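Since the structure comes first, as structure tokens, the remarks are kept for the end.
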Amino acid sequence: MRLHQLVKDIHFDDPIWQERHTITRPEQLREVLDEILRPPALDDMIAGLHKASMSVRINPYLLDLINWQDMEHDPIRKQFLPLASEMTASHPLQSFDALDETTDSPVEGLVHRYPDRALLLVTDRCPVYCRFCTRSYNVGVDTRSVIKIRAQSISHRWQSILSHLHMTPRIVDIVVSGGDCARLKASQLLEIGRGLLTIPSIRRIRFASKGLSVLPMKITRDGAWTDALTVVSDEGRRQGVEVSLQTHFNHPIEITSSVLSAANLLFTKGVMVRNQSVLLHGVNDDANVLGRLIKHLGDLHIHPYYVYLCDPVPGIEDMRVDLATACQLEKAVRGLTTGYNMPAFVIDTPGGGGKRLIHSYERYDRYSGLSTFTAPAVKAGRLFLYPDPLHTLSPDARRDWLDPQRAKAMVTDIQRQSA
Ligand code: SF4
6 MRLHQLVKDI
16 HFDDPIWQER
26 HTITRPEQLR
36 EVLDEILRPP
46 ALDDMIAGLH
56 KASMSVRINP
66 YLLDLINWQD
76 MEHDPIRKQF
86 LPLASEMTAS
96 HPLQSFDALD
106 ETTDSPVEGL
116 VHRYPDRALL
126 LVTDRCPVYC
136 RFCTRSYNVG
146 VDTRSVIKIR
156 AQSISHRWQS
166 ILSHLHMTPR
176 IVDIVVSGGD
186 CARLKASQLL
196 EIGRGLLTIP
206 SIRRIRFASK
216 GLSVLPMKIT
226 RDGAWTDALT
236 VVSDEGRRQG
246 VEVSLQTHFN
256 HPIEITSSVL
266 SAANLLFTKG
276 VMVRNQSVLL
286 HGVNDDANVL
296 GRLIKHLGDL
306 HIHPYYVYLC
316 DPVPGIEDMR
326 VDLATACQLE
336 KAVRGLTTGY
346 NMPAFVIDTP
356 GGGGKRLIHS
366 YERYDRYSGL
376 STFTAPAVKA
386 GRLFLYPDPL
396 HTLSPDARRD
406 WLDPQRAKAM
416 VTDIQRQSA
């Protein structure tokens with residue numbers, strides 16, 4: 006079916022219909038966008054998807070949000086449908102698993118980096134796949150450039166994860182993520198939530214799902230899933246455990262009437278919702294866009310608590326934003342709304358140092374684009390490096406990064422200065 010037919014379908018607001026009509030192969034776009042895009046642009050997009058680290062997965066709801074008259078600059082298209090012509094070479098310091106999650110994993114599917122917090126990876130699937138995903142090493146299906154690391158299904162790992170959590174009472178805070186909790190069955194969501202509530206030491210549970218922003222009808226129309234979340238939230242509250250939904254909006258255009266209904270439903274059911282945004286070049290690296298997003302989220306009772314610099318994973322160099330721009334943006338938006346609704350701008354430090362406020366760097370070399378951070382409460386004595394994207398550096402610096410000897414010297418220099 007072509008896009009205009011999909012949009013008019015009477016089942017458009019049904020999440021199961023959306024899943025059934027989700028694009029999962031680049032070539033499917035030829036039929037859907039046939040009347041909208043000319044062949045060179047379509048070929049550019051399909052070539053981009055073949056080069057990308059993330060497989061394509063985009064539903065009619067999101068396709069309908071894209072302004073196809075100006076698709077090169079469209080913030081939704083940029084997040085899900087890369088053009089080969091806009092992709093640039095990866096930074097030499099980029100790596101899959103940039104956050105080193107696999108080495109901080111005591112049990113398969115559980116990342117335990119901070120003393121009192123853990124990340125539970127329950128699925129490697131999402132309703133849609135973002136091209137800048139941190140977990141491009143395991144989320145989604147294999148692509149031409151990335152063979153994904155596969156975990157056993159959560160049902161096989163669940164008992165050993167629960168046992169580990171029971172035996173590790175210093176863990177009081179759990180993020181249930183993946184992948185995306187919207188891809189869990191309602192029964193799985195309930196089992197995981199209730200299982201975590203049996204662990205006396207756990208005080209906070211956060212379910213991560215981008216569903217609210219990319220498939221809001223999941224919340225309003227999949228009553229079993231939303232009820233499961235509400236039940237866990239209510240049972241948690243009775244036990245003194247805070248249960249919340251952690252979602253992911255990047256641009257105010259994503260806040261549609263369907264999102265308003267879904268957010269309102271969660272609010273009336275007493276489910277706390279927090280938002281994490283990723284700062285993306287050409288999407289939201291603009292004070293006006295970010296300011297509107299933060300204010301809209303606050304009005305929906307969605308707490309906009311983090312804005313991340315994009316993790317340096319391969320294949321997304323053109324989307325990353327440099328630290329200096331991020332610092333300017335943070336200054337520009339701070340004060341636009343009440344303080345508790347103002348997000349913290351952070352870098353999730355490559356190498357496993359955890360999140361650091363962007364202004365807290367030890368050193369920042371504007372020539373090499375390298376900044377350093379320390380994380381005494383997480384990994385004392387270690388220095389963590391964050392590289393600005395190559396496209397923000399001078400031609401000389403870009404040339405230096407291509408020379409392995411010069412690249413090594415730039416890293417050594419800033420490490421020495423930061424010691
Ligand atoms: S929804 Fe989250 S986990 Fe899934 S692809 Fe996007 S960023 Fe990655």
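Going by the numbering used here, the first residue of the sequence shown is number 6, and it counts up by one from there.
Heads up, the beta-carbon is just placed ideally off N, CA and C, and yes, glycines get one too.
The structure presented is a predicted model; accordingly, all values stated were derived computationally and were not measured.
{"Asked": "H396: CB within 7 Å of a non-hydrogen atom of the ligand SF4", "Found": "no"}
{"Asked": "Runs of beta strand (DSSP E) lying entirely within the stretch 155-198, each at least 3 residues, in chain order", "Found": "178-182"}
{"Asked": "Neighbour-count burial assignment, N255, 16 or more Cβ in a 10 Å radius", "Found": "buried"}
{"Asked": "Where the beta strand (DSSP E) through P392 begins and ends", "Found": "388-392"}
{"Asked": "L126, enclosing beta strand (DSSP E) - first and last residue", "Found": "122-126"}
{"Asked": "Proximity winner among C315, M172, K215, relative to V181 (alpha-carbon distances)", "Found": "K215"}
{"Asked": "Beta-carbon spacing of V383, G356 below 8 Å", "Found": "no"}
{"Asked": "Backbone secondary structure at P309 - three-state DSSP", "Found": "strand"}
{"Asked": "Whole-angstrom distance between I260 and I28, CA atom to CA atom", "Found": "22 Å"}
{"Asked": "Enclosing beta strand (DSSP E) for G359 [first to last residue]", "Found": "359-362"}
{"Asked": "H256: CB within 7 Å of a non-hydrogen atom of the ligand SF4", "Found": "no"}
{"Asked": "The ligand SF4 heavy atom lying under 7 Å from the CB of R30", "Found": "no"}
{"Asked": "Three-way DSSP call (helix, strand, coil) for V246 in this model", "Found": "coil"}
{"Asked": "Classification of R243 by the beta-carbon crowding that lies within 10 angstroms, buried from 16 upward", "Found": "exposed"}
{"Asked": "Separation of R62 from D401, as counted between CA atoms", "Found": "38 Å"}
{"Asked": "Beta-carbon spacing of V127, S60 below 8 Å", "Found": "no"}
{"Asked": "Reference S168; option with closest CA among D185, G200, G183, I154", "Found": "G200"}
{"Asked": "Any non-hydrogen atom of the ligand NAD within 7 Å of G184 CB", "Found": "This structure lacks the ligand NAD; its bound ligands are the ligand SF4."}
{"Asked": "Proximity of P65 and H26 at Cβ, strictly below 8 Å", "Found": "yes"}
{"Asked": "Run of the beta strand (DSSP E) containing S376, from where it starts to where it stops", "Found": "375-379"}
{"Asked": "CA nearest to the CA of Q33, picked from A57, F17, R43, R7", "Found": "R7"}
{"Asked": "beta-carbon C315 near the ligand SF4 non-hydrogen atom, thresh 7 Å", "Found": "no"}
{"Asked": "Buried or exposed (CB count within 10 angstroms, at least 16 for buried), T417", "Found": "exposed"}
{"Asked": "For T235, the three-state DSSP class (helix, strand or coil)", "Found": "helix"}
{"Asked": "Own chain, CB closer than 8 Å to G114, minus 5 neighbours either side, in chain order", "Found": "L125, L126, V127, A156, Q157, I159, R162, I166"}
{"Asked": "Bridge partner(s) assigned by DSSP for T354", "Found": "G359"}
{"Asked": "Spatial distance of N289 from P174 (CA atoms)", "Found": "40 Å"}
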